[in-house]
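Q: Chains A and B supply the protein sequences, listed in that same order.
Okay, so the first sequence: first residue is 108 according to my numbering, each after it adds one.
Okay, so the second sequence: first residue is -14 according to my numbering, each after it adds one.
Idealized CB from N, CA, C, for every residue including glycine.
As the structure is a computational prediction, the values presented were derived from the model and not from experiment.
One structure is given below, represented as structure tokens, and several questions about it will come after.
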Amino acid sequence: MNLWEYVVDRWDKLSLQAWLHTSEVVQATLLATLLGVGIGIAVYRSPAGSAIATALASAVLTIPSFALLGLLIPVLGLGVAPSMTVLVLYGLLPIVRNTIVGLSGVNPAIVDAARGIGMSRISVLTRIELALAWPAILAGMRVATQMLMGIAVVVAYAKGPGLGSEVFAGLTRAGSANATNQALAGTIGVVILALVLDGIYLLINRLTTPRGIRD
Amino acid sequence: MTDVTESQESVQPGGAAESTTTGAEITLTNVTKRYPGSKNPAVDDVTMTIPAGKIVILVGPSGCGKTTTMRMINRLIEPTSGTIRIDGEDTQSLNPDKLRRKIGYAIQQAGLFPHFTVAQNIGVVPGLLGWDKKKIADRVDELLDLVGLDVDTFRNRYPRQLSGGQQQRVGVARALAADPPVLLMDEPFGAVDPITRGNLQDELLRLQDELHKTIVFVTHDFDEAVKLGDKIAVLGNSSKILQYDTPEAILANPADDTVAGFVGAGASLKQLTLLRVRDVELRQEAVTVSVDESPAAVREKLANSRHLYALVLDRRNRPSRWVHARDLPRATSLATAGKPLRDMVSTQSTLQDALEAMLAEGGAVPVTGPQGQYAGTIHLETVIDTIQTLREERNDDGAAQEEQ
């Protein structure tokens, strides 16, 4: 059985895994965005706070994902909980960093004008600052998603959902029938999904960036 | 240049505007701003009254606290002590956001929101005040029209598609959107080229002539202050008021050496921009002849008057040429004899324009009245005497005040 025949034969299972993989990554990205933008808003006014938040988020990235997972399993058990935790933690860095860069890149004169004509703090933040930082935040989300597509494969080790289980199954059965096909199908599937999501990001960027600040 | 003088002319005599004042009086009482950790206060015990419906310019060197003083009026900076009242109401008694919605705010480089269209930028404050969409749209169109931007061309543009001058106009329109009685302007024309700046200044004076807002205008450019201000406050360190008076008074009689230094060289020339030809005496001694008279008749007139030149007026009594006695024997008609006028001024012109014309004409310059008819001539000695007299009057005033 070649790879193509394998994929056609196992399409039901593979497509379900692909869907779970995507769903997991997208949910993790959204959660990381909520957290990351929140952290960014909390610290961007203070240079020290920004430096600390960025350093912490970077520190998470230096922990090998496999090791982090190993540390989390005793606490959170197997399944979705540890997988999601790892993905969200890894997704934080690009989003936190880009949120800080985006917010501190807003021209202070524009913020001053917004305050000066009577916008409340919340309005200034949501209607002006976050709106202007949005392209940067979205770029951070895009990087996070790409990264998480790969990491989601690793977290399948903790019995998380997704194409990672195909890859792991293939690798552990190395030498037996269809083992290579299984690992390859999982890997190529992840690459294709990553490309598709990237395309969707381009579309979102196009649709959500106001014409006045589009490049 | 003509519209400059006209718009300025219509604003300066404040008395007539009083009846239609829509601005509010602003009073600062012992206002101080002290930043923690700095020895000297940024603003030290400032007390001043900004009259309703007037343009008051805060002018001073960089870092003197003029912007801080202005920003305390809309509480972008909270005063450490002292009170600021607008129309008698203590600004501290209001929610700062609500307060600011009633105070127009325009800054350098306009500070337009780049992701909003021109219409959205102008409509922000009415939106905050909860106006309905239709009313906001109408107001936006009205304001674009008011600041001289074509409604259909500009309504849906984004700020980056506008020139610096157009952005400033939108900035002013945004500041005026909710028809606030008070306008704060922080070097609004500082970042545009000199020609555009001149045009924007003229526009502001024209707007003010219609709207009669109380405008607090911060600049470091004394010429701008002279041009725009009904009153100028010259500020020193910690926003100390060195002199607070009309431009005429400051130019004629600077309070001290610092103010004099700030007024700069050419105070007398600047004064000439504030005076009009109609304010000075015109002479009627020039020999005037109608274009239809015969050259021979003019020769006779000139011989009788012992003048060498005659001023030829056209059929509608407008000055058209100078003719010299020696041109007349050869002349067939006064329409072609002599030289055409190089320059003349109207009674609306500033004395600076008149001086310029005198230099070009090489002597006395004919002056025309409102319909262009001949009104007399203006002479260099008249200008010199006027400046002299003004200076003496101001000095007398100053001395009298000091004695009291």
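Mapping DSSP to helix, strand and coil, what is Thr362(B)?
A: Of the three classes helix, strand and coil, the one that applies to Thr362(B) here is strand, per DSSP.
Q: In the DSSP assignment, find the unbroken alpha helix (DSSP H) run with Leu260(B) in it and report its ends.
A: Leu260(B) -> no alpha helix (DSSP H), and no H or E assigned at all.
Q: Can you tell me the Cα-Cα spacing of Leu375(B) and Leu210(A), whole angstroms?
A: So the alpha carbons of these two residues sit roughly 56 Å apart.
Q: Among the residues of its own chain, which have a CB less than 7 Å from the CB of Phe247(B), if the five just before and after it don't count?
A: Result list for Phe247(B): Phe207, Val219, in chain order.
Q: Taking only three categories from DSSP, how would you classify Asp72(B)?
A: Note: Asp72(B) maps to coil in three-state DSSP.
Q: Given a threshold of 16 other Cβ atoms within 10 Å of its Cβ, counted over all protein chains shown, does Leu314(A) qualify as buried or as exposed?
A: The residue is exposed, with fewer than 16 neighbouring Cβ atoms inside 10 Å.
Q: Under 8 Å, Cβ to Cβ, is there at least one residue of chain A near Ser214(B)?
A: The residue asked about is misnamed: residue 214(B) is Gly in this sequence, not Ser. It does not: the Cβ of Gly214(B) has no partner Cβ on chain A nearer than 8 Å.
Q: What did DSSP end up calling Ala322(B) once you bin it into helix, strand or coil?
A: Note: Ala322(B) maps to coil in three-state DSSP.
Q: Let me know the secondary structure DSSP gives Gly175(B) once reduced to three states.
A: Reduced to three states, the DSSP call for Gly175(B) is coil.
Q: Can you look up Ser157(A) in the DSSP assignment and give me helix, strand or coil?
A: Note: Ser157(A) maps to helix in three-state DSSP.
Q: Do we get a CB-CB distance below 8 Å when we pair Leu375(B) with the residues of chain A?
A: Chain A, which has no Cβ nearer than 8 Å to the Cβ of Leu375(B), makes this no.
Q: Does the beta carbon of Ala326(A) come closer than 8 Å to any beta carbon on chain B?
A: Residue 326(A) cannot be examined here, being either before or after the span of chain A that is shown, 108 to 322.
Q: Identify the contact partners of Ile217(A) in chain B, using a Cβ-Cβ distance below 8 Å as the criterion.
A: Result: Gly96, Leu97, Phe98, Pro99.
Q: Within 10 Å of its beta-carbon, does Trp118(A) have 16 or more other beta-carbons around it, so buried, or fewer, so exposed?
A: Exposed: under 16 other Cβ atoms inside 10 Å.
Q: With a CB to CB cut of under 6 Å and the five nearest residues on each side skipped, what residues in its chain are close to Gln151(B)?
A: Nothing meets the Cβ criterion.
Q: Quick check: the Cα distance between Pro242(A) and Asn312(A), rounded to an integer number of angstroms?
A: Going from the Cα of Pro242(A) to the Cα of Asn312(A) covers about 7 Å.
Q: Would you kindly work out how many angstroms separate the C-alpha atoms of Glu190(B) and Pro325(B), rounded to a whole number?
A: According to the sequence as given, residue 190(B) is Leu; it is not Glu. The alpha-carbon atoms of Leu190(B) and Pro325(B) are separated by roughly 35 Å.
Q: Would you say Val109(B) lies against chain A (beta-carbon separation less than 8 Å)?
A: Answer yes: the Cβ-Cβ gap between Val109(B) and chain A drops below 8 Å somewhere.
Q: Can you tell me the Cβ-Cβ gap for Val103(B) and Arg145(B), rounded? I've got them flagged as a contact below 8 Å.
A: Going by Cβ atoms, the distance from Val103(B) to Arg145(B) rounds to 11 Å, so no, they are not a contact pair.
Q: Say whether the stretch 134 to 146 of chain A touches the stretch 240 to 257 of chain A, bearing in mind that this needs 3 or more beta-carbon pairs closer than 8 Å, one atom from each stretch.
A: Yes, the stretch 134 to 146 of chain A is in contact with the stretch 240 to 257 of chain A.
Q: Quick one, which of Ala240(A), Thr140(A), His128(A), Leu178(A) has its alpha-carbon nearest Ile320(A)'s?
A: Residue Ala240(A) is the option with its Cα nearest to Ile320(A).
Q: How would you list, in chain order, the residues of chain B whose beta-carbon sits under 9 Å from the beta-carbon of Ala220(A)?
A: By Cβ distance, chain B contributes Tyr90, Ala91, Ile92, Ala95, Gly96, Leu97, Phe98, Gly156, Arg159.
Q: By DSSP, does Gly177(A) sit in helix, in strand, or in coil?
A: Here Gly177(A) sits in helix by DSSP.
Q: Using a cut-off of 7 Å between C-beta atoms, extract the partners of Ile235(A) located in chain B.
A: Here the neighbours are Phe98.
Q: How would you list, in chain order, the residues of chain A whose beta-carbon sits under 9 Å from the beta-carbon of Pro144(B)?
A: Neighbours of Pro144(B) on chain A, chain order: Gly319.
Q: Give me, in chain order, the residues of the same chain whose beta-carbon lies closer than 6 Å to that of Gln337(B); leave out the 5 immediate sequence neighbours on both sides.
A: Leu257, Thr258.
Q: To the nearest angstrom, how far is it from the Cα of Thr76(B) to the Cα of Thr332(B)?
A: Between Thr76(B) and Thr332(B), the C-alpha separation is close to 45 Å.
Q: For Ser272(A), which residues in the same chain have their Cβ closer than 6 Å to its Cβ, ignoring the five residues on either side in sequence?
A: These residues qualify, in order along the chain: Ala263.
Q: Taking C-beta to C-beta, are Leu110(A) and Leu300(A) nearer than 8 Å?
A: Going by C-beta atoms, Leu110(A) is not nearer than 8 Å to Leu300(A).
Q: Can you give the beta carbon distance from Val235(A) to Val261(A), rounded, assuming they're within the 8 Å contact cut?
A: Position check: residue 235(A) holds Ile in this sequence, whereas Val was assumed. Not confirmed; about 40 Å, so no contact.
Q: Any Cβ of chain A within less than 8 Å of the Cβ of Lys83(B)?
A: So yes, Lys83(B) belongs to the interface.
Q: How would you write the range of the beta strand (DSSP E) that Pro304(B) sits in, first residue to last?
A: Where Pro304(B) is concerned, the enclosing beta strand (DSSP E) stretches over 304 to 309.
Q: Rank Leu313(B), Leu260(B), Ser290(B) by C-alpha distance to the C-alpha of Asp370(B) and give the top, closest one.
A: It is Leu260(B).
Q: By Cβ distance below 6 Å, which residues in the same chain neighbour Gly108(B) in space, the five residues on each side in sequence not counted?
A: Ile121, Val125, listed in sequence order.
Q: Quick check: the Cα distance between Leu13(B) and Ser47(B), rounded to an integer number of angstroms?
A: If you take the alpha carbons of Leu13(B) and Ser47(B), they lie about 21 Å apart.
Q: Any Cβ of chain A within less than 8 Å of the Cβ of Asn184(B)?
A: False, the Cβ-Cβ gap to chain A never drops below 8 Å.
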